[in-house]
Each structure stands twice: as C-alpha cells, then as structure tokens.
Amino acid sequence: MSLIEGLSEHRKLIRQAEAGECGLACLAMVARHHGEQGELSGLRRRFPLSSRGSSLKDLVTIADQMGFHTRALQCGIASLDQLATPAILHWDLNHYVVLDRARRGARGGKYTILDPARGLQTLEDEELSEHFTGIALELTPSTNFTPARQRDRLRLTQLWTRVSGLGPALLRILILSSIMQVVTLIMPFFTQLAIDTALPGSDLDLLNIIAIGFGALVFLNAMTSWVRARLVISLSNSLSLQTAANLFRHTIFLPSAWFEKRHLGDVVSRFGSLQPITDLLSRGLVSAVVDGILALSTLALMVIYSPVLTALTGCVVLLYVAVKLLFFQSMKLANTNLLTAQAIESSAFLENVRGISAIKIFCQEGNRQRLWQNKKADVVNGSIRLGRITSGFDTTNAFIVAIENILFIYLAIKMVMAGEISLGMLFAFQAYKQNFVGALTRLIDQSLNYRLLDVHLDRLSDIAFEAREPDASPPVLAPCGVVEVQNVSYSYGLGLPLVLDQMFMRIEPGKTTVIIGASGSGKTTLLKILSGLLQPTSGRVLIDGVPMWEFGTRSYRGRLGVVSQEDTLFAGTLAENIAFFDPDYDMDWIVECCRQAAIHDDIAKMPMKYETMVGDMGSNLSGGQKQRVLLARALYKKPDILLLDEGTAHLDVVTEAKVVSALKALRMTRLLVAHRPETIRMADVIYQMSNGRTARILSMDQEENTVTPMVLQREAE
Numbered sequence: 001m002s003l004i005e006g007l008s009e010h011r012k013l014i015r016q017a018e019a020g021e022c023g024l025a026c027l028a029m030v031a032r033h034h035g036e037q038g039e040l041s042g043l044r045r046r047f048p049l050s051s052r053g054s055s056l057k058d059l060v061t062i063a064d065q066m067g068f069h070t071r072a073l074q075c076g077i078a079s080l081d082q083l084a085t086p087a088i089l090h091w092d093l094n095h096y097v098v099l100d101r102a103r104r105g106a107r108g109g110k111y112t113i114l115d116p117a118r119g120l121q122t123l124e125d126e127e128l129s130e131h132f133t134g135i136a137l138e139l140t141p142s143t144n145f146t147p148a149r150q151r152d153r154l155r156l157t158q159l160w161t162r163v164s165g166l167g168p169a170l171l172r173i174l175i176l177s178s179i180m181q182v183v184t185l186i187m188p189f190f191t192q193l194a195i196d197t198a199l200p201g202s203d204l205d206l207l208n209i210i211a212i213g214f215g216a217l218v219f220l221n222a223m224t225s226w227v228r229a230r231l232v233i234s235l236s237n238s239l240s241l242q243t244a245a246n247l248f249r250h251t252i253f254l255p256s257a258w259f260e261k262r263h264l265g266d267v268v269s270r271f272g273s274l275q276p277i278t279d280l281l282s283r284g285l286v287s288a289v290v291d292g293i294l295a296l297s298t299l300a301l302m303v304i305y306s307p308v309l310t311a312l313t314g315c316v317v318l319l320y321v322a323v324k325l326l327f328f329q330s331m332k333l334a335n336t337n338l339l340t341a342q343a344i345e346s347s348a349f350l351e352n353v354r355g356i357s358a359i360k361i362f363c364q365e366g367n368r369q370r371l372w373q374n375k376k377a378d379v380v381n382g383s384i385r386l387g388r389i390t391s392g393f394d395t396t397n398a399f400i401v402a403i404e405n406i407l408f409i410y411l412a413i414k415m416v417m418a419g420e421i422s423l424g425m426l427f428a429f430q431a432y433k434q435n436f437v438g439a440l441t442r443l444i445d446q447s448l449n450y451r452l453l454d455v456h457l458d459r460l461s462d463i464a465f466e467a468r469e470p471d472a473s474p475p476v477l478a479p480c481g482v483v484e485v486q487n488v489s490y491s492y493g494l495g496l497p498l499v500l501d502q503m504f505m506r507i508e509p510g511k512t513t514v515i516i517g518a519s520g521s522g523k524t525t526l527l528k529i530l531s532g533l534l535q536p537t538s539g540r541v542l543i544d545g546v547p548m549w550e551f552g553t554r555s556y557r558g559r560l561g562v563v564s565q566e567d568t569l570f571a572g573t574l575a576e577n578i579a580f581f582d583p584d585y586d587m588d589w590i591v592e593c594c595r596q597a598a599i600h601d602d603i604a605k606m607p608m609k610y611e612t613m614v615g616d617m618g619s620n621l622s623g624g625q626k627q628r629v630l631l632a633r634a635l636y637k638k639p640d641i642l643l644l645d646e647g648t649a650h651l652d653v654v655t656e657a658k659v660v661s662a663l664k665a666l667r668m669t670r671l672l673v674a675h676r677p678e679t680i681r682m683a684d685v686i687y688q689m690s691n692g693r694t695a696r697i698l699s700m701d702q703e704e705n706t707v708t709p710m711v712l713q714r715e716a717e
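So that you can map any letter, position 281 of the sequence shown is 281 in UniProt numbering, and since no number is skipped, the others follow by simple counting.
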C-alpha cells in the first residue's frame, strides 16, 4: 500500500468506544464512504446496543433504517475481490471489520481491513483466513439514504470557555514573551558592532560599553523569562485543574449504563487526552503567536541584510514544511494506534490486579501474564512504529539542514570576499537566520500539533457529547409513599429480548416486599430501574402517582438506601465509608446503623475500630462483613425506601436473623430480592418473577411470620 492510499484509508477509519459496538462502528465507516459526515455517537443514540454486541440480523435491521440495501452472503477468501466494497466481514467469531479493498494477483490477495478495535491493517490470504469466518455483508445506498452533514466533534473553544482567568493570564504571558522577542531581535547587533566597530580600531572602551549595554539586556531577558515561566506554570496547572474538573463533573453525571459498556482502561485513557490539550493551550498558543511575530520581524531584517541569503533560508523552510506534511498523516495514524493500544493494555492490567485472587486460585498467573504481555507488546510495537516515522523525519530534516549550512557558508563567504556584506553582518545574519528558522519551525510544529489534537478531541468527544442523566425537575421534599411500576418493559439493547415485559408492581409504604424468582428472571434489572439507574424501554415508575422524572431522579435517590450486588467500598476508613465521606458525619448514628446491620461487634474487635482503613481491594473484610458494612451505609441515609438485592446472601443463618429482625423494626419501606427462606419470611407481600413479569402470590399481615411451604418450595427449586 502506498503512503497516499494509507492516509486515505486512515480518514475512513472509525474506532469503537464501547466494548460491543464494533458492528455499529463498521456501519458508520460504510456510511462515511457514501458521504455521511456524522459521528459514531449519533448512531449510538439512534440505535442503542448492549455491551453484548450485535448479531448480523441486528446489523441488517440498523442498515435498513439508515437507508441501505443489504445482502448477507457466505463466501470464500478467493471471492472477496468480487464484493461491493466497503463490505462488513464477520471476524474471529465475535467481531466485525470493514473490507475496504480486495486485490488479487498471481501471488494471492491483499486486503485492506478497517478494524474498529485495532485500526488499519493490510493482510494477505493466510493472515485473513485466520480471522475471516466466511460471512460477509454488502451494503448499497437506497433512495432513502440521506447523508448527515453535522459532526459531533469537540472544539477547543468548548474547553476553555468555562475556564476563569484564562484571557488575562494569556495576555500577561504574551506581553512578557514579546519583551523577550524584542531582546532576541536586538542581540545580534552586539556581534555586528563588536566585530565591525570595536575590533578594527581596537577600541576597548567602546567594546566595554557595548558589552555592558547588551549585558543589561540579557539580565532583563533572564528576569522576564523567569517571570514568564512562573506564569506559564501557574496557568498550565490552573487550566489542567479546571478543564479536568469540568470534564470529570460531566463524566460522573453520565448514566451508569455508559460506564457498563466501556472498559475501565479506555475511560482512563480518554480522560488522559486532556493533558496534551491543556499543554497546547497554556504553552503552545502564546508561543505560536509570538513565534509568528518573531518570524516576520526577523525575515524583514534578513531581507535588509541580504535578499540572496534570505531566499536560500526560505527554500530550506519550504522543504521542511513539505517533509513535515509528508510525514504528518502517518504520524497521526501511528499516534492514534498507540493511544488505543495503551488503553487496551491499561484495561488488561487493571483487570488482572482486580482479579488477582481468582487468578491465583485457578493457577493462571502464567497465562494472564502472557495475555497482558501480548497487549504490552502491541504498545511497544506501536511506539516503535511511531519512533521509526519520527526518526525518518528527523534524519531527512537533519540532511536538509546540513546541506543548507554548507550552501550558506559558501555563499556568505563569497559575499564577504566581494565586499557585499561585512564580517559582522555575516555573524548577525547567521544569528537572525537561526532565530527565523527556529521560530518558523516551532510555528509549523505547533500548527501541526494543533491538527494532531483531533485525535484527542475525538476521544474526548465520546465523553463530552454523551447526555447527562435527565434531572431538571425541582427537588420534591415530601417523603416517598407508594411506588408503582406500570407496564414497564426493558431490553439491554436493540435486537435483544425483553428482560422485563409489561410488568406491574405496587410497593406499599412501610411494608416489606420481597421479590423471588430464578436467576436471570430480571430481579436485579427491576431494582436498577427502581433506583433510577436504568430508564425503562417503555412504561413508567410512579412515586405517589408522579412519574419518577417529574419527582426528580436525584431527589428520589436521596430517599433511597440501596445495597446492590455490585456495591463496593472506597479507599478510606470504615466510618468514612459508612457515612459515604460526609465531612460532618454523625459518629453516634454510624454506630447505631452498624448495630442495626449487626456489624458493630465485629468492628469493635478491630485494632483501629471505626478508623480501620478499607478500600475496593485488600480491605481484609469477609464477604459477610463487607455486606453488613454496605447495609450500614444504606441505613445511614435514613432512607424512606430500602432496596436490597440479596443484601443478606453472604450472612450465616444466625446473623441473618439478627439483621432481618432489625430491618423489620425500622420505620421505612423495604423491597428485597431474596432466595433464602429466612429473608422471605419477613415479607408482607411477595412477588414471583418469571419471564420478565411478576405475579403477586402472597399477602400477609404484619404479625404473620410464616410463608406457605409452596412458596418456599418454589423458591428452593
């Protein structure tokens, strides 16, 4: 593949952001080929998919709604060059890629593959056969296909508009930089005056005056540089803090479903794309302006000294620009691939650290080490590719500069010999030439670095353009009463079956409602909807007859105490975790909540008691202890409604009885998902879930303490 072809393919590549959206990314690439200018985020909003991915049937359905005619077919490698490209290929049994070009010759075929996970690849028959499953999807635009022209791309101005104090700080840095550049323009005169004026007459007094005068300028320049450096450091850190805080605030208010569809390392990597952007804003922006002014001023002086030597220098700069542009797109592609490889490696590393117990139990240290090492090797290979491109540019540029120096010295000495310029003018011109070339190359580099920011801006766009959880309603201060689930259905993605199917439920205030059912029947999904973490596909949840979104999601959550199966502790003390890091926590209430959760005695036996440090790893708490700490954290909120998703599953029978008895005495509404009879017996109302629907199978008075054997038998089965 030629360089130009490779750059063209790179422009077509769209990388997936979510773990299961490779098919959607492939459709976006095909649409881009046919004139679509929209981004993957737009398709994601139109066709939400689950993290489980999509089937070929799902892709056909989506493509039809996008305005494409589709043809799914089974073919061999030898027939790929007959496909209408770009086409989508089924890859490695669990992935999709785009076949952009297929060429066959006497020695076999070469195939250009656009992989939304791994980037641009050029494969031959043997390599392709290791991945291609034989299933392909052709897509051709129908009359209903209308390319979108708007692209959801983050702009630099959107990052700095909310940064306070940026304008005045940049102005001060610009003024100081201008002073430094004026000194830079004056300094070559020292060499010229010393050589052309003081040296011929051996005038030591004049030389002393010149040296003292220019020495004062050097001191002024040094002090200005020191002040400017301090301002740049202050601005850089302030800019980094404010932009990161703004982005993190937006990120933490995104729906929980957004996080569930992404790898942790990828989210961390995208957030890290802020750093090169803030570096450019704090340092590169002012430098570019100052370097532009310096280059123009120096160029004017150079023309006055010698138009011929100036023309030679200009030719060298033009060559530098041409070489830089020649290498630019390949550097951008290598940089993008490296960032993606680093994100994948980071996810693998974090996954291994978090799952170290399972790795050791299954004796998989060596296997996991090899898997991580393969991903690390991809990072190293990506770094090598980027390094080779950079070294190729540096070598070419060094060769051009060396040739230019030879030509410059040759022409300049001839001009001195001919009396066209003096020796002092030669030295001064040499200094101006260095300043001009340095300023202009920095300006060119900054301009291209600005273009390279597209890589980082595209990665941040996936976060910045995701809609936050809707919660525009004013907070409702009245306590929660009746909670009703009306005709609620839910699916985790397009084409997936309904987990909840037109279900109804009524949760009475002050009572204990228990949900039972087989694993996978939708109990946890229902609790997530009741917690406001998931939005129903259809139907609604009412709080005292008011839809949850009108009640206010955050206001509603503020009245919930929840213990879910995915709950975790954070780095800090037990007391801080139970109070969820409330800066003014009530220690007496913490102790009382722990008594109700039957964990106080365990904590009292610990050397540091409530100051014991815990975290998401290495907390030294058993499963039952951690579950009771989480229950105490839920009770600390003094909730109106307590939601427990198997919140006592890790407890022994005796401890569970204590917890159940304490919960029964609390003046709050309780909704529990349970499997164990000891928990089910505390119910006032029991719902049986099956196939995404509920049936109210038993209603009991407050005093009743038994459950029918039929219910327990059904649950045990």
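For every residue, glycine included, the Cβ atom is placed at its ideal position computed from N, Cα and C.
Item                                                                                                                                                                   : Value
In whole angstroms, what separates the C-alpha of alanine 634 from that of valine 562?                                                                                 : 6 Å
Leucine 43 lies in the alpha helix (DSSP H); which residues open and close that run?                                                                                   : 40 to 46
Can you find the residues in the same chain that come closer than 6 Å, C-beta to C-beta, to tyrosine 96, ignoring five residues on each side of it along the sequence? : Cys22, Gly23, Cys26 and Ile88
Return yes when the Cβ of valine 482 is within less than 9 Å of the Cβ of threonine 679, no when it is not.                                                            : no
Which residue from Phe504, Gly517, Ser564 and Gln502 puts its Cα closest to that of leucine 527?                                                                       : Ser564
Roughly how many angstroms separate the alpha carbons of leucine 534 and valine 437, rounded to a whole number?                                                        : 58 Å
Return the residue from the list Ser521, Val541 and Glu508 that minimises the CA-CA distance to valine 488.                                                            : Val541
Using the rule of at least 16 other Cβ atoms within 10 Å of the residue's Cβ for burial, across every protein chain shown, is arginine 361 buried or exposed?          : Strictly speaking, residue 361 in this sequence is isoleucine, with arginine absent from that position. Label assigned to isoleucine 361: exposed.
Which residues does DSSP pair with lysine 511 in a beta bridge?                                                                                                        : In the DSSP output, where bridge partners are listed per residue, lysine 511 has none listed.
Considering just the uninterrupted stretch of the beta strand (DSSP E) at proline 141, what are its terminal residues?                                                 : 132 to 141
Quick one: what's got a C-beta closer than 7 Å to glutamine 486's C-beta in the same chain, skipping five residues either side?                                        : Phe504, Gly539, Arg540 and Leu542
Relative to the alpha-carbon of leucine 154, which residue among Ser461, Gln74 and Ala222 has its alpha-carbon at the smallest distance?                               : Ser461
Where do the ends of the alpha helix (DSSP H) carrying glycine 215 lie?                                                                                                : 204 to 252
Look up leucine 13 in the DSSP assignment and say whether it is helix, strand or coil.                                                                                 : coil
I need the DSSP call for leucine 99, collapsed to helix, strand or coil.                                                                                               : strand
From this set, Val60, Ser521 and Gly510, which residue's C-alpha is nearest arginine 670's C-alpha?                                                                    : Gly510
Quick one: is methionine 417 buried, meaning 16 or more other Cβ sit within 10 Å of its Cβ, or exposed?                                                                : exposed
Are the beta-carbon atoms of leucine 99 and alanine 136 separated by less than 9 Å?                                                                                    : yes
Between which residues of its own chain and phenylalanine 349 is the CB-CB distance below 8 Å, once the five residues before and five after are set aside?             : Gly265 and Trp372
Give the DSSP-derived three-state secondary structure of valine 387 in the structure shown.                                                                            : It should be pointed out that residue 387 corresponds to glycine in this sequence rather than to valine. DSSP places glycine 387 in helix when its eight states are reduced to three.
Could you check the C-alpha separation between glutamine 16 and tyrosine 490 for me, to the nearest Å?                                                                 : 25 Å
Short check: CB of threonine 524 to CB of valine 673, under 9 Å?                                                                                                       : yes
Given that a residue counts as buried once 16 or more other Cβ atoms are within 10 Å of its Cβ, and exposed if not, what is valine 290?                                : buried
Which same chain residues, not among the five before or five after phenylalanine 393, have their C-beta less than 8 Å away from its C-beta?                            : Val323, Lys324, Phe327 and Met331
Please name the residue in Ile641, Leu411, Ile403 and Ser622 whose C-alpha comes closest to that of isoleucine 507.                                                    : Ile641
Give the C-beta separation of histidine 33 and proline 86 to the nearest angstrom, bearing in mind that I take them to be a contact with Cβ-Cβ under 8 Å.              : 5 Å
Mark tryptophan 226 as exposed unless 16 or more other C-beta atoms lie within 10 angstroms of its C-beta, in which case mark it buried.                               : exposed
Just to confirm before moving on: does the CB-CB distance between alanine 649 and histidine 675 stay below 9 Å?                                                        : yes
Between which residues of its own chain and glycine 53 is the CB-CB distance below 6 Å, once the five residues before and five after are set aside?                    : Gly20
Where do the ends of the alpha helix (DSSP H) carrying tyrosine 490 lie?                                                                                               : Here tyrosine 490 belongs to no alpha helix (DSSP H); instead the beta strand (DSSP E) covers 483 to 490.
Taking Cβ to Cβ, would you say alanine 412 is nearer than 9 Å to leucine 309?                                                                                          : yes
Name the two residues that bound the continuous alpha helix (DSSP H) containing phenylalanine 68.                                                                      : Premise fails: phenylalanine 68 lies in the beta strand (DSSP E), 68 to 74, not in any alpha helix (DSSP H).
Please confirm whether aspartate 652 and glycine 624 have their CB atoms less than 9 Å apart.                                                                          : yes
Can you tell me which residues form a DSSP beta bridge with methionine 331?                                                                                            : None, per the DSSP bridge assignment.
Between which two residues does the beta strand (DSSP E) harbouring histidine 90 extend?                                                                               : 87 to 91
Residue range of the beta strand (DSSP E) that arginine 540 falls in?                                                                                                  : 538 to 543
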